[in-house]
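Novice: The structure's right below; bear with me while I get my questions together.
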Amino acid sequence: MTDRSTARMPTGIPFIVANEFAERFCFYGINSILALYLVQSMHFGEALATTWVSLFKSGAYFFPLLGAVVSDVFWGKFRTVIAFSLAYCAGCVVLALGRDPLMISIGLFLIAFGTGGIKPCVATNVGDQFTSANQQLIERAFSWFYLAINAGSTISILLCPLLLATKGPTIAFGLPAAMMFVATVVFWIGRRRFAVVAPAGRAWLRDVFSTKGISTILRLLAIYLFIAFFWALWDQSNGTTWSLQARSQSMDKDLGLGITLLPAQIQAVNAVLILILAPLFSYLVYPLAGRVFAVTPLRKIGAGLFVTASSFVVIAWIESRIQAGSVVSVWWQIVAYVILTAGEVLVSITGLEYSYKQAPLSMKSLIMALFLLSVSAGNLFTAAVNHFMVRPLAVTSLQAGSPTWLAVPDPADLVAGQKIDFAGATGIEVLGAGDKVDRLEGTYLVQSVDAATGRVQLMDAVTRQALVTRGVFAILSARVSTYALVGPAYFLFFAAIMAGVAALFVLVAVVVPEATYLRSDASGATAA
1453 MTDRSTARMP
1463 TGIPFIVANE
1473 FAERFCFYGI
1483 NSILALYLVQ
1493 SMHFGEALAT
1503 TWVSLFKSGA
1513 YFFPLLGAVV
1523 SDVFWGKFRT
1533 VIAFSLAYCA
1543 GCVVLALGRD
1553 PLMISIGLFL
1563 IAFGTGGIKP
1573 CVATNVGDQF
1583 TSANQQLIER
1593 AFSWFYLAIN
1603 AGSTISILLC
1613 PLLLATKGPT
1623 IAFGLPAAMM
1633 FVATVVFWIG
1643 RRRFAVVAPA
1653 GRAWLRDVFS
1663 TKGISTILRL
1673 LAIYLFIAFF
1683 WALWDQSNGT
1693 TWSLQARSQS
1703 MDKDLGLGIT
1713 LLPAQIQAVN
1723 AVLILILAPL
1733 FSYLVYPLAG
1743 RVFAVTPLRK
1753 IGAGLFVTAS
1763 SFVVIAWIES
1773 RIQAGSVVSV
1783 WWQIVAYVIL
1793 TAGEVLVSIT
1803 GLEYSYKQAP
1813 LSMKSLIMAL
1823 FLLSVSAGNL
1833 FTAAVNHFMV
1843 RPLAVTSLQA
1853 GSPTWLAVPD
1863 PADLVAGQKI
1873 DFAGATGIEV
1883 LGAGDKVDRL
1893 EGTYLVQSVD
1903 AATGRVQLMD
1913 AVTRQALVTR
1923 GVFAILSARV
1933 STYALVGPAY
1943 FLFFAAIMAG
1953 VAALFVLVAV
1963 VVPEATYLRS
1973 DASGATAA
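Each residue of the sequence shown is one higher than the last, beginning at 1453 in the numbering used here.
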């Protein structure tokens, strides 16, 4: 074995690491502000914005399956990364410049297509750069790689919300677009420094569709089905419902020491907590638990599912306080992030390790793509819940002025703090501070219910101040709706789903067979 002091780091590694930093900056920057942009600038209802973002992320984690096949069978990693990166860049430009739902949807599709296509190629490309002469440096290279991921995502999550608040959406989305262009150029410049592994072609297809390949896929898909529900919860902390909850001025976002966070910046806490909790579990929690019982991957995942459910109970409590008009410290949401990140360590990190060990050597890229498919399925579930929980609200009239009253046939179905969505041409304008005028469109709240007159008073969803409006309500063209899952019930619904899935997983995990594939020498692998 070559001594570490004389072995040289492959010259292509810095280009791969720089590419990953810039690409992750781009993706997480866009993701951190997308829901808030749709709600604040495009006047989407909160459920509709969550649906759009969840579908976007579902696509971003579905297309790795396509990228894995294209890379492993046809083009190889370099051509695949360049081709999908160009689509990615185009999507970023469309999103930064587009100001209507059609252009935004086109931009998001291209971004999801691009980031998904390159996802299974980049990490495996790191490993491809090493031989037996310098294999002892691979751990250092992956440390750089994952540091780039965390640095890129954390910086963008802190910076892009600030740009959205101070410079507007063109700059806030334009910076990630510029970073993705840089990522593509850097990867192209490094092309002559990369070790290239040829695509496997038909041999790969034979392995996948062999009896062993199919049985491996089916066995892992049974596990991934449960993990999908973890992602349905986790990704809501990553730029959607948790950030939308933090918009409310009833959440005090002052951390102390003069530091006040923007709503979308709070999610950066997750990246910091991962750096703390991952080694804590590895070196303390797992060894201590191992003295009592065998700590297997499936037991870790099962425990993580229960832990994740409890984080949404905390978020539901926060929502109940906000709905009641009480002020809640952002530290309570940080407590929920601590619990959720512990669940992430137990489920996500363990799931990646489990997937790699269970996959035959020739199928590892495909199995990683199938693991990411669980993220896609989880976001698809969230999108479906947010779509189908919206129900039309019958309205007989709207009285503009100060305050604003909405007349409904049965006000008994509505409670203070309940969300009301307006869409279409309402004919009503909302008068805000500093002579600001907006259309009555998006999500507002019920301030009070007057059962005697069949009316509800409306208030702003952020300031919780009585709505001041003007105009004549266009009852024929306006669309008014509310949500079947009201306030904390939304988060308790997901907590209950997660707890039920966790209980079922414990039963299923007992009967799932395991076959660990380890490299025995340069020629192949053995199944233990």
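No residue lacks a Cβ here, since even glycine has one placed at the ideal position from N, Cα and C. Note that the structure is predicted; figures quoted are calculated from it, not measured.
Since F1943 contacts E1796 with CB under 8 Å, what's their CB separation in whole angstroms?
Specialist: F1943 to E1796, Cβ: 17 Å. No contact.
Novice: Quick one, which of P1861, I1949 and L1713 has its alpha-carbon nearest V1908's?
Specialist: P1861
Novice: Going by beta carbon distance, what residues of the same chain come within less than 6 Å of V1867, once the five residues before and after it are set aside?
Specialist: Contacts found: none.
Novice: Work out the CA separation of T1692 and Y1935 for me, nearest whole Å.
Specialist: 16 Å
Novice: To the nearest angstrom, report how far apart G1803 and G1923 are at their CA atoms.
Specialist: 55 Å
Novice: Nearest by alpha-carbon distance to I1556: which of P1572, G1569 and Y1489 is it?
Specialist: Y1489
Novice: Whole alpha helix (DSSP H) runs in the stretch 1630-1700 with 4 or more residues, listed along the chain?
Specialist: Listed in chain order, the alpha helix (DSSP H) runs fully inside the stretch 1630-1700 are 1654-1660, 1663-1686 and 1693-1698, counting runs of at least 4 residues.
Novice: Count the other CB atoms, across all protein chains shown, that sit within 10 Å of the CB of D1687; report buried if there are 16 or more and exposed otherwise.
Specialist: Counting Cβ neighbours within 10 Å, D1687 comes out buried, since at least 16 surround it.
Novice: Tell me the residue span of the alpha helix (DSSP H) that contains F1874.
Specialist: Where F1874 is concerned, there is no enclosing alpha helix (DSSP H), although the beta strand (DSSP E) it sits in stretches over K1871 to G1876.
Novice: So what does DSSP say about R1922, is it helix, strand or coil?
Specialist: DSSP places R1922 in strand when its eight states are reduced to three.
Novice: State whether the stretch 1732-1742 contacts the stretch 1948-1958, with contact taken as three or more CB pairs (one from each stretch) at a distance under 8 Å.
Specialist: no
Novice: Starting from the Cα of K1871, find the closest Cα among R1654, E1893 and A1885 and give me that residue.
Specialist: E1893
Novice: Any chance the stretch 1533-1550 sits against the stretch 1598-1617, with 3 or more Cβ pairs inside 8 Å?
Specialist: no
Novice: Report the residue from I1753, P1855 and T1793 whose alpha carbon sits nearest the alpha carbon of A1917.
Specialist: The amino acid occupying residue 1917 in the given sequence is Gln; Ala does not appear at that position. That would be P1855, whose Cα lies nearest to the Cα of Q1917.
Novice: Round the Cβ separation of V1533 and L1657 to the nearest angstrom and send it over; I've been treating them as touching at under 8 Å.
Specialist: With a Cβ gap of about 22 Å, V1533 and L1657 do not count as contacting.
Novice: Can you list, in chain order, the residues of its chain with a C-beta nearer than 7 Å to that of L1798? Leave out the 5 residues immediately preceding and following it.
Specialist: K1752, I1753, A1755, G1756 and V1759
Novice: By the DSSP assignment, the beta strand (DSSP E) with L1937 in it spans what residues?
Specialist: Run containing L1937: none; DSSP gives neither H nor E here.
Novice: Does the distance from the CB of A1674 to the CB of V1960 come in under 8 Å?
Specialist: yes
Novice: Pull up the CB-CB distance for V1882 and T1921, whole angstroms please, since I reckon it's below 8 Å.
Specialist: 5 Å
Novice: Am I right that T1834 and G1497 are in contact with their C-beta atoms under 8 Å? What's the rounded C-beta distance?
Specialist: T1834 to G1497, Cβ: 15 Å. No contact.
Novice: On the three-state DSSP scale, how would you describe A1979?
Specialist: Note on A1979: pLDDT 42, under 50, position unreliable in the model; no value is reported.
Novice: Give the range of the beta strand (DSSP E) segment to which L1714 is assigned.
Specialist: That residue, L1714, is in no beta strand (DSSP E); it is neither H nor E in DSSP.
Novice: In chain order, what residues of the same chain lie with their CB nearer than 8 Å to the CB of I1801, ignoring the 5 residues before and after it?
Specialist: Correct list, in chain order: A1730.
Novice: At what residue ranges does the stretch 1527-1589 contain a whole run of the alpha helix (DSSP H), taking only runs of 4 or more?
Specialist: 1529-1549 and 1553-1580
Novice: Please state whether DSSP places E1805 in a helix, a strand or coil.
Specialist: Correct three-state label for E1805: helix.
Novice: Quick one: any contact between the stretch 1500-1507 and the stretch 1835-1847, if contact means 3 or more CB pairs under 8 Å?
Specialist: yes
Novice: What is the residue span of the alpha helix (DSSP H) that F1492 lies within?
Specialist: According to the sequence as given, residue 1492 is Gln; it is not Phe. Run containing Q1492: I1465 to Q1492, per the alpha helix (DSSP H) assignment.
Novice: At the level of alpha carbons, what is the spacing between S1537 and V1522?
Specialist: 14 Å
Novice: By a C-beta neighbour count over all protein chains shown, 10 Å radius and 16 as the cutoff for buried, is I1623 buried or exposed?
Specialist: exposed
Novice: A1948 and G1906 look like a contact to me (Cβ under 8 Å); what is the Cβ gap, rounded to whole Å?
Specialist: Not quite, the Cβ-Cβ distance comes to about 33 Å (not below 8 Å), so this is no contact.
Novice: Since I believe A1487 is in contact with S1695 (beta carbons under 8 Å), could you give me their beta-carbon distance rounded to a whole number of angstroms?
Specialist: 6 Å
Novice: Looking only at DSSP bridge pairs, what is M1911 linked to?
Specialist: L1897 and A1918
Novice: Specify, as a first and last residue, the run of the beta strand (DSSP E) that I1880 falls within.
Specialist: I1880 to L1883
Novice: Since I believe M1632 is in contact with A1474 (beta carbons under 8 Å), could you give me their beta-carbon distance rounded to a whole number of angstroms?
Specialist: 7 Å
Novice: Under a Cβ-count criterion, where at least 16 other Cβ atoms within 10 Å of its own Cβ denotes burial, should I1641 be classed as buried or exposed?
Specialist: exposed
Novice: Is the Cβ-Cβ distance between F1823 and R1643 less than 8 Å?
Specialist: no
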